[in-house]
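The numbering used here puts the sequence shown at residues 1 to 58.
Structure record follows, encoded as structure tokens.
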Amino acid sequence: MIASYTKERLWDSEQATQNLKQIQQYQTKTTDFSKDLLKVAKNIQDDDTNASKELFKY
């Protein structure tokens, strides 16, 4: 009864490969998004610093 259940019959290597590719793409997109968020945060800080210098100039 158990003999018919082999790894080759239960495991889809093509699907596993596709899943790994999707995970890698998601990781890359997440990393890129994080880098973009850091750039935005840095720009906000820079603008805030410049605005405060202008605001408290006198």
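We treat Cβ as the ideally placed atom computed from N, Cα and C, and that holds for glycine.
Roughly how many whole angstroms lie between the Cα atoms of residue i and residue j?
i: K39; j: D46; result: 10 Å
i: D36; j: E54; result: 27 Å
i: I23; j: R9; result: 24 Å
i: W11; j: K21; result: 17 Å
i: A51; j: K42; result: 14 Å
I'd like to know whether the C-beta of residue i is nearer than 8 Å to at least one C-beta of chain D.
i: Q25; result: The structure shown contains no chain D, having only a single protein chain.
The alpha helix (DSSP H) that contains residue i, what's its start and end?
i: T4; result: It should be pointed out that residue 4 corresponds to Ser in this sequence rather than to Thr. It is not in any alpha helix (DSSP H) - S4 carries neither H nor E in the DSSP assignment.
i: K39; result: S13 to L55
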